[in-house]
Amino acid sequence: MNTQKMKAAVCTKYGSPDHLIIKEVAVPTPQPDEVLVKVHATTVTAADTMMRKADPFIARFFLGFSKPKCEIIGTGFAGEIVAIGQEVTRFQIGDQIYGETAFKFSANAEYLTVPETGVIITRPDNVPFEELAPVSDGPLTSFNFLKNLGNIQAGQKVLINGASGSLGTAAVQIAKYYGAEVTGVCSTSNVELVKSLGADKVIDYTKEDFTKNIGAYDLIYDTVGKSKFSKCKKALSPEGQYLSPVLDLGLLFQVLKTSIAGKKKAKFYATGTMPAPKLRSFMEEIKEIIQKGKLKSIIDKRYPLDAIAEAHRYVDSGRKRGNVVITVA
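First residue of the sequence shown: 0, per numbering that gives the first Met the number 0; consecutive thereafter.
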């Protein structure tokens with residue numbers, strides 16, 4: 000029995016950040032196929048805050064009905080392997096890795112365990128842990144939508160709505176890497192940030208409605224779900240695609256409808272539900288982009304683990320630019 004203790008961020012019940020506490024719990028013991036990771040950095044994402052609130056309500060059927068089944072929150076992390084199970088062959092003690100725990104959560108802690116076959120890969124040289132912890136959020140999701148789902152091509156005209164968030168800042172860089180002509184949409188205060196990421200054009204949504212640009216875009220990637228396919232349809236090229244990771248009944252209907260008829264398509268995918276080998280392959284491709292200096296995690300704020308509730312409040316405020324990182328070790 001492991002008597003070593005660690006600090007972990009625990010969600011005691013659904014609702015406000017006030018229900019998040021720092022608790023001392025036992026350091027987990029790796030199963031035969033698992034590695035034990037000393038966490039250096041982890042994240043707080045918009046998805047994390049939605050899970051904290053059990054929003055939408057249907058999430059309770061997966062997360063736990065009255066309270067979270069997995070008390071320790073968080074999914075993205077970067078750190079160092081300090082112990083391995085006897086069946087582990089892909090990694091060894093001392094390996095520096097990053098990735099996500101998916102529906103196992105438990106990343107907002109000093110230590111965590113993850114299967115060696117999970118969504119984890121080795122750290123690229125000279126990239127700080129705090130820049131790698133968010134990769135399984137914005138970069139992984141945006142890579143799936145642009146490269147895998149949208150089949151982005153050089154020369155295409157791509158619009159990123161919500162270009163200053165975690166998904167958006169990654170999407171602008173990924174789209175530019177693949178040779179697209181990129182338009183970013185954001186608020187006035189974030190225009191310069193989005194320009195600095197390489198966007199060819201930036202639209203301030205308080206001054207211009209991009210949906211009025213008839214036939215202008217081959218791909219519209221709405222990272223924040225603030226627009227609708229029905230409204231964006233006219234702004235798409237004849238065989239254009241509307242992509243969004245934010246699902247509601249309206250988008251679900253359009254995804255089903257356009258899969259049957261029409262050249263313009265609406266598409267959605269829950270990236271986190273993809274098989275671990277597929278997500279790992281995406282992570283390896285993203286790693287190559289990072290190593291080429293073409294993708295960098297934009298970090299808005301850093302908090303210590305003890306300030307987890309404050310970090311959640313900041314993400315809830317809707318003012319986040321890029322990523323919020325929790326520094327652990």
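The C-beta atom is built at its ideal place from N, Cα and C for all residues, glycine as well.
All values reported here derive from a predicted model rather than from experimental measurement.
- Shown here, Ile151 sits in coil according to DSSP, grouped into three states, outside any helix or strand.
- Secondary structure at Met273: coil, using DSSP grouped into helix, strand and coil.
- Counting only the Cα atoms, Gly261 lies some 47 Å from Glu33.
- Within the model, the alpha-carbon separation for Thr187 versus Glu287 is close to 32 Å.
- In the structure shown, the three-state DSSP call for Asp124 is coil.
- DSSP, reduced to helix, strand and coil, places Gly321 within a strand of the structure shown.
- For Asp217, the uninterrupted beta strand (DSSP E) run begins and ends at Tyr216 to Asp221, by DSSP.
- Secondary structure at Cys231: helix, using DSSP grouped into helix, strand and coil.
- Nearest C-alpha to Ile297 among Val184, Ser163 and Gly73: Ser163.
- Rounded to whole angstroms, Thr42 and Val254 show a C-alpha spacing of 31 Å.
- Shown here for Phe61: same chain residues with a beta carbon closer than 8 Å to its own, the five before and five after excluded, namely Phe102 in chain order.
- Ala198 sits in coil when the DSSP states are folded into three classes, being neither helix nor strand.
- Under the three-state reduction of DSSP, Phe76 is assigned to strand.
- Contact between Ile307 and Ile21 holds: their C-beta atoms lie close to 7 Å from each other, under 8 Å.
- Below 8 Å, too few C-beta pairs join the region 133-153 and the region 84-94 to call them touching: fewer than three.
- Contact between the region 74-81 and the region 104-112 is present, with at least three C-beta pairs closer than 8 Å.
- Taking Thr182 as reference, the option from Gln172, Tyr176 and Val157 with the minimal CA-CA separation is Val157.
- Taking all protein chains shown into account, Arg318 has fewer than 16 neighbouring C-beta atoms within 10 Å of its C-beta and is therefore exposed.
- In the three-state reduction of the DSSP assignment, Glu86 falls in the coil class, being assigned neither a helical nor a strand state.
- Looking at the DSSP output, Leu158 bridges to Thr182 and Ile219.
- Beta-bridge analysis with DSSP links Arg301 to Val324.
- Of all alpha-carbon atoms in Thr44, Ser226 and Met282, the one lying nearest the alpha-carbon of Ala265 is that of Ser226.
- Residue pairing from DSSP places Glu33 in a beta bridge opposite Pro114.
- Judged by pairs of C-beta atoms under 8 Å, the region 211-224 does not touch the region 190-201, as fewer than three such pairs exist.
- In this structure, DSSP gives Leu246 a state outside helix and strand, which the three-state scheme calls coil.
- Short of 7 Å from the beta carbon of Gln290, and not among the five residues preceding or following it, lie these beta carbons of its own chain, in chain order: Pro123.
- For Gly178, same chain residues with a beta-carbon under 7 Å away, outside a window of 5 residues either side, are Ala153 and Gly154 in chain order.
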